[in-house]
Structures are given as C-alpha cells and as structure tokens.
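Below is one structure, written out as structure tokens, with a few remarks after it.
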Ligand SMILES: Nc1nc2c(ncn2[C@@H]2O[C@H](COP(=O)(O)OP(=O)(O)O)[C@@H](O)[C@H]2O)c(=O)[nH]1
Ligand SMILES: [Mg+2]
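Numbering (mature numbering (1 follows the signal peptide of the UniProt record, and there is no 0)), first residue to last: -20 to -1, 1 to 177.
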C-alpha cells in the first residue's frame, strides 16, 4: 500500500510537471467543471500560488478521484508516490518560455548528456516499474499563448511518437489551455474512459 492510505477509497492520480506549467490552475478548472453546477462559464482564471510541497484535490467524476500535484522541485521524491497510483498526468507548457528553454537544451544537445530535464523526468516516470500498467496523459498547456513553433514541430523535437511507441503505458496526448478552457473536456473524457470501473 505504501503511501496509498492518503487517498482513502478514491483513485489516486499524480499530476507531475515543472513549476509554472499550470498544474494548480488546471486542477482548479477541473474541480469547477466536475462540480454539481457544471460551470458552463469558467469565468476568469483564479489566482494560483506556487505550490509548496504537494497539493491534494478531490474530483467527483463518477468514482471519486484524488489528484495529487507534485511540482518539479519534488522530482527526487516523485517515486515515493508511485505505489497505488491509478493514472499519471504529466504537464508541460506549450508557451514561449518552455519552448525557448527546450530549444536551448536541444540545441546544446550536441552534447548528448544535455537533454532537457523535463524529457528526462518524463522518461524516468515512464520507466518506473510501479507505473508500467498505469495510463498516462501527456498535457501540453497554454495553447492560448503565442508560440513560434508549431505543436507538430515541438512534438517531433521531443520525439513524442518514439516515446509513445517505446513506452509500456497507454499514453494520450492533449493540448489545452487552463486559462481559456480549451481541451479541458478532453481531460474529463479521458478520466471517464480511463478510470471507470
Ligand atoms: N496564458 C496561460 N497562462 C496559464 C495557463 N495555465 C496556467 N497559467 C498561468 O501560469 C502561472 C502558473 O500557474 P500554476 O497553476 O500556479 O502552475 P504550477 O506551478 O504548475 O502549479 C499562473 O500565472 C497561471 O495563471 C494557460 O493555459 N494559459
Ligand atoms: Mg502549483
């Protein structure tokens, strides 16, 4: 069971990703969408504070789902939450900062040891033994921001297709904006089809 007790009877999902990619805002949006009133109008994005440590949120989607947000700085201990995990959401942002950072790493990657930290983190998640049969949702957030690289180009830079082909998990990719709400319904559908039982 490990850390399992922390989720009680609900299904544990881990939400992983670097600081600032929009994990907390995404969780707040999903919470609003899954609440009884269904919130057709999301309204202005609520303010988020940088998450210190970890953050637990319950979503009443069919069976109760508990999302545990773990930021990039927690990377070294992500694996202590892998046991009893039912799904993993890995988020990255499609916005300019992230792309710039990744391009920088990628271009510097004439030196093969300099692959981007987030790519390495993703690969380490996918190769974790406890997660071999856990469904994975790969989230590209902030599609509302201007981006000088198309998603197609970015996916090929990250070799997303190779990663999906080599991984043991079923990986679904979604493009979203936690700010304007695009793609959030795809995440809800993913939860419903992945975590029904
Ligand atoms: N433009 C835009 N900004 C976003 C989006 N998602 C989150 N943000 C902003 O990014 C910042 C960091 O978000 P937060 O949820 O705290 O990131 P976290 O560190 O991953 O939890 C906040 O200012 C959010 O309002 C998005 O889809 N589009
Ligand atoms: Mg946060």
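Note that the Cβ used here is the ideal one computed from N, Cα and C, for glycine as well.
Here the structure is a predicted model, which is why all the values come from computation and not from measurement.
*Neighbourhood of residue 153 by C-beta, 6 Å cutoff - its chain only, sequence neighbours within 5 removed*: 118
_Burial state of residue 207, where buried means 16 or more other Cβ atoms lie within 10 Å_ = Since the first residue of the chain shown is -20 and the last is 177, residue 207 is not available in this structure.
*When the Cα of residue 60 is compared with those of -7, 163 and 175, which residue comes out closest?*
-7
*Apart from the five residues on each side of it in sequence, which residues of its chain come closer than 6 Å, Cβ to Cβ, to residue 4?*
28 and 31
*Out of 125, 171, 25 and 52, point me to the one whose CA is closest to residue 100's CA.*
52
*Going along the chain, which residues of its own chain have a beta-carbon closer than 7 Å to the beta-carbon of residue 147, five neighbours each way excluded?*
106
*Alpha carbon to alpha carbon, how far is residue 45 from residue 135?*
29 Å
_Continuous beta strand (DSSP E) assignments of at least 3 residues falling wholly in the segment 10 to 67_ = 34 to 39 and 45 to 51
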